[in-house]
Amino acid sequence: MRTALTVMPLLLSRQTFAGVPAMLTMLAFMASASLFLLVTGGLWAFLHWNPPGVGELAEVYRILAGMATVLLIIPAASLGMASAKLSARRHDERLSTLSLMGAGTATITVLAIAEPLILAAVGLIAGIGGYYLLLVPVSQIPFQGAGLGFENMMLPLWLTACVLAVLLLICLISTLTGLRRVSISPLGVRARALDRRFPVGRIIAAVVIAVMLFAGVTVVRMVSLSQGVVMIILLSVVAGGFVIINVLGVLTVRLIAHLRAKRARTAEKLIAARMLSDEPKQYWRRSAGIAMTAFTATFAGTGVALMQTADTSHMSPSEALLGGDVLTGVLLTLGISFVLITVSAVLNQAVDIYDRRDTYETLGAAGMQPATMHRINVAAVMTPIVWVSAIAASIGLLLVAPLAGFAMVTSPVTMGIMLASIVLGALIVRAGLSLTRPLTGRMALAA
Amino acid sequence: MNTPILTAHALTKTYQSTQALAGIDLDVTEGEALAVMGASGSGKTTLLHALAGIIPITSGAVTLAGSGRQAREISSLGAGKRTDLRRGSFGFVFQQGLLMPELTAKENVAIAAMLNGTPRREAERSAAAWLESLGLAGHLDKRIGQLSGGQQQRVAIARSQMNDPLVTFADEPTGALDSTTSAEVLDVLLRSTVKRGRTLIMVTHDAQVAATCSRVVTLSDGRITHDTAHPAHGHPDHAQPATASGAVSTGFAHIQH
Chain A
4 MRTALTVMPL LLSRQTFAGV PAMLTMLAFM ASASLFLLVT GGLWAFLHWN PPGVGELAEV
64 YRILAGMATV LLIIPAASLG MASAKLSARR HDERLSTLSL MGAGTATITV LAIAEPLILA
124 AVGLIAGIGG YYLLLVPVSQ IPFQGAGLGF ENMMLPLWLT ACVLAVLLLI CLISTLTGLR
184 RVSISPLGVR ARALDRRFPV GRIIAAVVIA VMLFAGVTVV RMVSLSQGVV MIILLSVVAG
244 GFVIINVLGV LTVRLIAHLR AKRARTAEKL IAARMLSDEP KQYWRRSAGI AMTAFTATFA
304 GTGVALMQTA DTSHMSPSEA LLGGDVLTGV LLTLGISFVL ITVSAVLNQA VDIYDRRDTY
364 ETLGAAGMQP ATMHRINVAA VMTPIVWVSA IAASIGLLLV APLAGFAMVT SPVTMGIMLA
424 SIVLGALIVR AGLSLTRPLT GRMALAA
Chain B
-3 MNTPILTAHA LTKTYQSTQA LAGIDLDVTE GEALAVMGAS GSGKTTLLHA LAGIIPITSG
57 AVTLAGSGRQ AREISSLGAG KRTDLRRGSF GFVFQQGLLM PELTAKENVA IAAMLNGTPR
117 REAERSAAAW LESLGLAGHL DKRIGQLSGG QQQRVAIARS QMNDPLVTFA DEPTGALDST
177 TSAEVLDVLL RSTVKRGRTL IMVTHDAQVA ATCSRVVTLS DGRITHDTAH PAHGHPDHAQ
237 PATASGAVST GFAHIQH
């Protein structure tokens, strides 16, 4: 450790903040921090929220705000992981040189995680500024007819520090996980060929969870339970759904890749399919955000549909406003989720492009146009998105149907929100990926 | 066979304040095996890239011609057109091979033809024929990571020949290999190119490798200081150039183009 601390200022001082990857990493953590602080600020505001005439309904708002925060953890974590990976790509050569010079594993590990953490810390601190900027418009969004208020959404210092610490921890875990996948030797840094076994255990676990979830929703429907217990069961259903989607998602990507590789007629399609089949987990992770959002949208859409069919003639003014507020919350959560997913997709793409730099150079020399290389990258990312999102949404529908009834699940509002989340999410990611096109071109012409 | 296929005239290339090529005049004859030698930083790779249209040049001209073909000035083409030209007319073999790890050996080779519009099945058939002729019959469906360095270079050579290129550019193709494997790979490279009447331009720092070529050009500070085709440039200091005809059977008669 002492060796690492001695060497660190020399190794990191000049290069840490230089270049596009460093800027992207810091911007990504800034975005992640801004949005996550904003969402936590919303939850904080609702926890202390008690406007006149709302009464017990405030509890419903608190629970829904809590669910929104939990749902955004995955896209925020995904963004943090992508940023850490991008930063880690920059120092492969330095690490192997250190290994050549006799640096021990501990020293190399500390140095490997130091740079991403430094960049993350800078980005997170800048994110506080972004959070305050976003507070201005978001605090005006009406709930129960009035905005939550800037001061009410401002987090205390200790909570702000906690949120940032959690995001920094995600960066650390992601960097350490990334190190596990490479072998650093004096001759260079090579990807470790990890065993890729068919996940029988995970599939069995997913089936067991699915059965338990179905039992859970049946119990909620048939047995009279307190609101708190119902919410706990519902949250468990959502969490369990995420687990099932995670297992099925990777398998789906593998299957799609296999089928498309068999049928590919052009170089573009073949390369894109092989990229998917080579790293199904990696490409699943890029689709996971949208898939989870589609899954969530089915619950949200059903909830909104239920609200809209409720008879408002016997409702208090507060109860009558609840439906519209739920829709507002759903749209806000989906919007934030899309921003996190898109930034994550762009960053992952940038990492990929840097990883494949040599390949782009050789393909460029061999006569492949940079535009074609970009299309291959986009195809590899976008191909699984629609499929896994549709599967995730279907799982969501199957889980929520016993609770709300098939009429609600298939209502135009539910289907509309669900489809819009898939289509919009895919379009936004597609638009974000176009930002990496110049980077592909630069790599291709870098010979 | 004496037709110039590639001509460089007053070729210069400057990177910011560094002049990598300082006025190169070079005629490469069709069917020639040309070795480009020189110390590190002499401009060998830059010359290769400039002749192949991989990089734009600062001034001068590079022209692609050859018997029965209309001359095309590569240097005046935009990046997109140069890419199209490379796809159809040139093949490349790099020191590191630079094959795609996601693809099998056969797919890596077939990709070159598929990029040129050949249907997949046909491209894979042709790729398989090439790989078998280069001694890789049992390795068609192996991933690149499962092949040795020499095997990977053979795959790279096969890939470079898929579109029957007019000129093959090789940048230190044996640089990362041991001497025995180097000799084997070099033999394969020469059999695949000059022994079939095609042109090979190879950058190398190895005099023994250069000795297998029919012509050697030496660079220093971006200029040609010696050319075995024009001994007036300087003093010859290499071994006898290799002769092409009859020494090795090509074994490629069955490959369809």
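Protein chains in written order, with the working numbering: chain A, 4 to 450; chain B, -3 to 253. Ideal Cβ positions, reconstructed from N, Cα and C, are used throughout, including at glycine. Everything numeric in this text was worked out from a predicted model, so none of it was measured.
- If you compare the alpha carbons of A:ILE420, A:THR413, A:SER392, A:MET418 with that of ALA429 of chain A, the shortest gap goes to A:SER392.
- Identification of residues in the stretch 350 to 375 of chain A having a C-beta nearer than 9 Å to some C-beta of chain B yields ARG359, ASP361, THR362, GLU364, THR365, LEU366, GLY367, ALA368, ALA369, GLY370, MET371, GLN372, PRO373, ALA374, THR375, given in sequence order.
- Excluding five sequence positions before and after SER216 of chain B, the CB atoms of its chain that fall closer than 8 Å to its own CB belong to GLY34, ALA35, SER38, given in chain order.
- A distance of 7 Å or more separates the beta carbons of GLU28 of chain B and THR(-1) of chain B.
- For PRO283 of chain A, the enclosing alpha helix (DSSP H) stretches over residues 283 to 312.
- Scanning the stretch 15 to 89 of chain B for uninterrupted alpha helix (DSSP H) segments of 4 residues or longer gives 40 to 47, 75 to 85, listed from N- to C-terminal end.
- By the Cβ-count criterion, LYS40 of chain B is buried, with 16 or more other Cβ atoms from all chains shown falling within 10 Å of its own Cβ.
- Of B:THR164, B:HIS45, B:THR224, B:SER210, the smallest CA-CA separation from THR189 of chain B is found for B:THR164.
- Taking 8 Å as the cut-off between beta carbons, the residues of the stretch 34 to 55 of chain B near chain A are HIS45, ALA48, ILE50, ILE51, in sequence order.
- Taking 7 Å as the Cβ-Cβ cut-off, the stretch 259 to 271 of chain A approaches chain B at ALA267, ARG268, THR269, ALA270, given in chain order.
- LYS9 of chain B has its alpha-carbon roughly 46 Å from the corresponding atom of GLY133 of chain A.
- ASN159 of chain B and ALA368 of chain A have their C-alpha atoms some 14 Å from each other.
- Just so you know, the alpha carbons of GLN204 of chain B and ARG445 of chain A end up roughly 36 Å apart.
- Where ASP167 of chain B is concerned, the enclosing beta strand (DSSP E) starts and stops at 163 to 167.
- Under the Cβ distance rule, GLU120 of chain B does not count among the residues neighbouring chain A, no pair being separated by less than 7 Å.
- Residue pairing from DSSP places LEU7 of chain B in a beta bridge opposite B:ILE20.
- Under DSSP, ASP223 of chain B takes part in a beta bridge, and its partners are B:VAL213.
- Between ILE394 of chain A and THR255 of chain A, the gap from beta carbon to beta carbon is short of 7 Å.
- ILE248 of chain A and ALA294 of chain A have their C-alpha atoms some 8 Å from each other.
- Assigned with DSSP and collapsed to three states, MET198 of chain B falls in strand.
- Within 8 Å of the CB of ASP174 of chain B, no CB atom of chain A is found; the nearest one sits about 16 Å away.
- Contact between ALA6 of chain B and ASP23 of chain B is absent: CB atoms are separated by about 13 Å, not below the 8 Å threshold.
- Three or more pairs of CB atoms, one per stretch, sit closer than 8 Å, so the stretch 153 to 163 of chain A contacts the stretch 45 to 55 of chain A.
- In this model, PHE90 of chain B and ILE1 of chain B are separated by some 22 Å (Cα to Cα).
- Put simply, the backbone Cα of ILE344 of chain A is about 25 Å away from that of TYR64 of chain A.
- If the five residues before and after ALA172 of chain B are omitted, its C-beta is found closer than 8 Å to the C-beta atoms of GLN91, GLN92, GLY145, all from its own chain and listed in chain order.
- In the structure shown, the three-state DSSP call for THR362 of chain A is helix.
- Taking 7 Å as the threshold, the shortest C-beta distance from MET278 of chain A to chain B falls below it.
- Annotation: ASP328 of chain A has no Cβ neighbours in chain B at a cutoff of 9 Å; minimum Cβ distance is about 48 Å.
- Pairing GLY370 of chain A with PHE298 of chain A gives a Cβ-Cβ distance that is not under 7 Å.
- ALA124 of chain B places its beta carbon 7 Å or farther from that of MET110 of chain B.
- Taking MET385 of chain A as the centre and dropping the five residues before and after it, the same chain places the C-beta of ALA429, VAL432, ARG433, LEU436 closer than 8 Å to its C-beta, in chain order.
- Short of 8 Å from the beta carbon of VAL389 of chain A, and not among the five residues preceding or following it, lie these beta carbons of its own chain, in chain order: ILE425, ALA429.
- Here the C-alpha atom of TRP287 of chain A lies approximately 9 Å from the C-alpha atom of LEU279 of chain A.
- Assignment of LEU120 of chain A by DSSP, reduced to helix, strand and coil, places it in the helix class.
- Residue pairing from DSSP leaves LEU422 of chain A without any beta-bridge partner.
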